[in-house]
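Take the sequence shown: its position 356, counting from 1, is numbered 356 in UniProt numbering, and each next residue is one higher. Beneath this line is the structure, given in structure tokens, with notes to follow.
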Amino acid sequence: MKQQDLIEEYFIPGDWLEIANQILKGRGVVLVLGATDTGKSICSLLFANFWAKHGRKVGIVDVDMGQSDLGPPTTMGMVVINKPIKSLGEVSADILYFVGSTSPLDYFLPTVCGTKKLIDEGKKREAEIIIVDTTGLVKGALGRTLKENMIDIVSPCHIIALQRKDELEHILKFFVLNEDVFIHRLSPCTEVRRKTYFQRREAREEKYREYFKQASSLKIDLDHLNIRGSYYYSGIALDEEDLSFLEKTLMTEVIYGEKTPEGIFIIVKERLPERLSGLFRIKKRFNIENIIIAEEDKFKNLLVSLDDQQGFVVSLGIIQEFDFKRKIFTIYTPLKDVSTIFSVKFGAIKIDLDGKELGKISPGE
């Protein structure tokens, strides 16, 4: 039976039926583990449909911020259903959490934190069973670290492991003796086709285009908002005398500067040469060890999230223009009313207004 038929008929394969019925009798969180292209999303949807068909209120948490079915790339989403659906594409997420990257690498804490927050929201909305569709990062030390800590924080009652041979055993072995967690090992969905890097990128860009198709430019005053994900606006702004000293020492235009707990954060007009003299003088003047220098262009086309007070997405935006001294940014966004914005969270992905990915920056850069 083909993948589309499975979803349209809400069909549960025979060896999955016993597991579905076992979970149906209880409540709690179900975590779906698997490498890339093992069918985690199909598995999550089939199980969720089965439980919804049998009268359960089911929360679906999509943690795959690269190929999300519930929200635009860089976000994780949650929706509660009470009847079967053909795909997550036909429903709108009840809530979104912005990770800021299309991969959990370098973003383990936001990934785990966001997953827990989305699960908690599902419980508040009275979901009886919450199934979590995780990312495909499972290999090596990084995969082990992410998934072990996610399991510890999420505390699932059931783990559904979709694995080829024994590729998840390095993660599962730490939980086999835990009597509070039931582990169900299943073979990957055979109908799933492996996607190339270019196919995944093309899919992400199409989702960006769809998300921003009704967007327009909006000026946002950051002076009354929390700023997250950047050194910018995290310290004390330098005065004109200090900025003049930096310009003379670095021999370039310094647009903005702050003294932060990490050191001195400087935004410059152009990329500095590889070898710089005068860094020792800067460290001595400000009594710091670290000098963090970012080019102005790093902020251009950067994807950001405009969040509410609980840290969930109100709207995404693309930075177009910036006045660092006045703390006013022009952001391309579908949002029309800024009254619900509590914070701006900087991401790592740069895209143009047509959704094309332009690259990424390092965390905090």
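Backbone N, C-alpha and C fix where the C-beta goes; we use that ideal spot for every residue, glycine too. Since we're looking at a predicted model, the values are computed, not measured.
Check, Outcome
"For a quick check, are the C-beta atoms of V61 and I151 less than 7 Å apart?", "no"
"Based on Cα-Cα distance, which residue from Y332, P73, I341 lies nearest to D308?", "I341"
"Between F47 and chain D, is any beta-carbon pair separated by less than 7 Å?", "Included in the structure is just one protein chain, with no chain D present."
"Do I159 and S44 count as a contact pair if the criterion is CB distance below 7 Å?", "no"
"How big is the Cα-Cα spacing for Q4 and R56?", "Summary for Q4: the model assigns pLDDT 44, below 50, so the residue's position carries little reliability, and this model does not support an answer."
"Using three-state DSSP, classify V63 as helix, strand or coil.", "coil"
"Excluding the 5 residues preceding and the 5 following R27 in the sequence, name in chain order all residues of the same chain whose CB lies nearer than 6 Å to its CB.", "E128"
"Can you look up T75 in the DSSP assignment and give me helix, strand or coil?", "strand"
"On a Cα-Cα basis, can you pick out the residue from L109, K86, K213 that is closest to D354?", "K213"
"Please state the DSSP three-state secondary structure of L17.", "helix"
"My parser needs the beta strand (DSSP E) runs of 3 or more residues fully inside the stretch 180–205; what are they?", "182–186"
"Take the Cβ of T111 as the centre, count every other Cβ of all protein chains shown within 10 Å, and call the residue buried at 16 or more, exposed below.", "buried"
"Counting Cβ pairs closer than 8 Å, one from the stretch 84–99 and one from the stretch 320–328, do we hit at least three?", "no"
"So L238 packs on K259, CB below 8 Å; how close in whole Å?", "6 Å"
"Determine the closest residue to D64 out of L137, S362, R285, K336, with distance taken between C-alpha atoms.", "L137"
"For the beta strand (DSSP E) that contains F329, what are its first and last residues?", "328–333"
"In the DSSP output, what is K259 paired with across the bridge?", "I236, I264"
"In or out: L6 buried (at least 16 other Cβ within 10 Å) or exposed?", "Note that L6 scores 42 on pLDDT, short of 50, meaning its location in the model is unreliable and no value can be drawn from it."
"What does the alpha-carbon distance come out to for the pair I147 and I171?", "According to the sequence as given, residue 147 is Lys; it is not Ile. If I take the Cα positions, the gap works out to 7 Å."
"Considering only residues of the same chain and omitting the five flanking positions on each side of L186, which have a CB-CB separation below 6 Å?", "L162"
"Got a sec? Which residues, its chain only, sit under 7 Å from F299 by beta carbon, not counting five neighbours each side?", "I319, F322"
"So G140 is in the alpha helix (DSSP H); what residue range does that whole segment cover?", "140–154"
"Out of T36, S230, K327, D15, point me to the one whose CA is closest to Y197's CA.", "T36"
"DSSP state of I351, grouped into three classes?", "strand"
"Could you pull the start and end residues of the alpha helix (DSSP H) that F108 belongs to?", "108–124"
"How close, in whole Å, do the beta carbons of I264 and I236 come, if the pair is a contact with beta carbons under 8 Å?", "About 11 Å separates the two Cβ atoms, so there is no contact after all."
"Look at the alpha carbon of A20 and the alpha carbon of P156, and state the distance between them as a whole number of angstroms.", "15 Å"
"Assuming P334 contacts A215 (C-beta within less than 8 Å), just tell me the rounded distance between them.", "5 Å"
"State the Cα-Cα distance for the pair D223 and S343, rounded to the nearest angstrom.", "10 Å"
"Using a 10 Å radius around the Cβ and a threshold of 16 neighbouring Cβ atoms, would you call E8 buried or exposed?", "Low confidence applies to E8: its pLDDT is 41, below 50, so where it sits in the model is not reliable, and the reading given next is rough at best. Label assigned to E8: exposed."
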